[in-house]
Ligand code: F1P
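Numbering (the working numbering), first residue to last: 2 to 330.
This is the structure we're talking about:
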């Protein structure tokens, strides 16, 4: 039976989220910093994008999300001369670019490094000044599902416990009320959509949801070897829209701040004959775009899982992928 681990790890999420919200991690190191730079590779890079948007929104501190390679190979172009907190993100804690980036930051004495990982005894946690280690988010599948949402939630909770603790209570109430219902809704939607043979699947997202859109596209691509891409919502009009056909499927992760424009884009997509779904429109949830962002992930996780089943692919071990990416010396 294929896909044993992936499905289970998607279903584990509400429980892992609940434990994290009940025991929120700390991230007080962000206080009095001029900059925060989140970095990671692959899924963890997209996590860094959403984490940066969230952090700047709640703290006002200039925050960026970067692929680890940019710090590793272009330090002069990425590392500011000001007091910076670096947050390295890696499920395995041993992806080569993440380790090289962490070593580069240490060698240049450029600031504190906090590790966000599931592995306590791997290079990232060993090289970081302090690490948030989420053991419950360890996975057997090559693809990252609960590790993505849990590491991102840990960063959200760390920021909120530092600058806005009452928002954690709001998340606690809404997540306990709705997270399992949302997985059920997401799975039913994905089961139906997976049967359709789209030539391309496009995810659109704005603000903190752009990183979620990128990760959503990566999930569908990794698990089911499908052509899936992501764009900022309004950027879609600036060229990418040109490839739309009747075999295109566009999924808009609706925001609050750009909602009206995103609704117009949905209409434009349907007017050219492509399929468009808006997610987040009618979820049983009353959380802001910043607080609800990980709850969009089950939709693409299940879509990748069921499309893999349709195509006879085992999403636990996707084609051409390894669990840890190492640059050979
Ligand atoms: C992240 C990553 C994943 C990818 C695959 C290989 O590694 O590149 O994005 O889907 O699982 O690992 P990590 O640094 O978070 O362990």
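Cβ coordinates follow ideal geometry from the N, Cα and C atoms, glycine included.
Would you check whether the ligand F1P has a heavy atom nearer than 8 Å to the C-beta of residue i?
i: residue 99; result: yes
i: residue 159; result: no
i: residue 294; result: no
i: residue 223; result: yes
i: residue 298; result: no
i: residue 323; result: yes
i: residue 60; result: no
i: residue 143; result: yes
i: residue 44; result: yes
i: residue 205; result: no
i: residue 329; result: no
i: residue 90; result: yes
i: residue 136; result: no
i: residue 153; result: no
i: residue 95; result: yes
i: residue 41; result: yes
i: residue 128; result: no
i: residue 219; result: yes
i: residue 227; result: no
i: residue 326; result: yes
i: residue 301; result: no
i: residue 362; result: There is simply no residue 362 to check, as the chain begins at 2 and stops at 330 in what is shown.
So what does DSSP say about residue i, is it helix, strand or coil?
i: residue 312; result: helix
i: residue 48; result: helix
i: residue 69; result: helix
i: residue 2; result: Any reading at residue 2 must be qualified, since the residue scores a pLDDT of 46, below 50, and its modelled position is unreliable; no value is offered.
i: residue 233; result: strand
i: residue 291; result: coil
i: residue 104; result: helix
i: residue 325; result: coil
i: residue 63; result: strand
i: residue 180; result: helix
i: residue 300; result: helix
i: residue 286; result: coil
i: residue 320; result: coil
i: residue 53; result: helix
i: residue 140; result: coil
i: residue 16; result: helix
i: residue 7; result: helix
i: residue 23; result: helix
i: residue 42; result: coil
Which value, in whole angstroms, describes the spacing of the CA atoms of residue i and residue j?
i: residue 99; j: residue 224; result: 23 Å
i: residue 226; j: residue 83; result: 42 Å
i: residue 79; j: residue 71; result: 7 Å
i: residue 243; j: residue 270; result: 11 Å
i: residue 169; j: residue 159; result: 10 Å
i: residue 236; j: residue 49; result: 20 Å
i: residue 118; j: residue 321; result: 24 Å
i: residue 305; j: residue 126; result: 30 Å
i: residue 329; j: residue 104; result: 17 Å
i: residue 141; j: residue 214; result: 24 Å
i: residue 192; j: residue 303; result: 8 Å
i: residue 344; j: residue 131; result: What is shown of the chain runs 2 to 330, which leaves residue 344 out entirely.
i: residue 2; j: residue 259; result: Bear in mind that the predicted position of residue 2 carries a pLDDT of just 46, short of 50, making it too unreliable to give a figure here.
i: residue 316; j: residue 172; result: 31 Å
i: residue 1; j: residue 272; result: Any property of residue 1 remains undetermined from this structure, which presents the chain solely from 2 to 330.
i: residue 286; j: residue 74; result: 42 Å
i: residue 108; j: residue 101; result: 10 Å
i: residue 29; j: residue 156; result: 11 Å
i: residue 262; j: residue 93; result: 38 Å
i: residue 208; j: residue 124; result: 31 Å
i: residue 183; j: residue 8; result: 15 Å
i: residue 265; j: residue 217; result: 22 Å
i: residue 163; j: residue 318; result: 38 Å
For residue i, tell me which candidate among the options has the shortest Cα-Cα distance.
i: residue 255; options: 22, 16, 221 and 283; result: 283
i: residue 133; options: 26, 263, 92 and 45; result: 26
i: residue 115; options: 286, 55 and 37; result: 37
i: residue 327; options: 301, 317, 96 and 165; result: 96
i: residue 220; options: 20, 207 and 297; result: 297
i: residue 77; options: 59, 65 and 106; result: 106
i: residue 143; options: 279, 10 and 55; result: 10
i: residue 190; options: 67, 300, 32 and 317; result: 300
i: residue 150; options: 285, 323 and 16; result: 16
i: residue 253; options: 245, 205, 294 and 228; result: 205
i: residue 203; options: 19, 6, 181 and 234; result: 234
i: residue 288; options: 257, 264, 262 and 313; result: 257
i: residue 152; options: 90, 40, 268 and 292; result: 90
i: residue 112; options: 294, 210, 188 and 35; result: 35
i: residue 245; options: 218, 55, 199 and 217; result: 199
Please name the residue or residues paired with residue i in a DSSP beta bridge.
i: residue 91; result: 118
i: residue 86; result: 37
i: residue 131; result: 115
i: residue 278; result: 252
i: residue 203; result: 230 and 251
Checking contacts by CB at 9 Å: is residue i closer than that to chain D?
i: residue 152; result: No chain D appears in this structure, which consists of one protein chain only.
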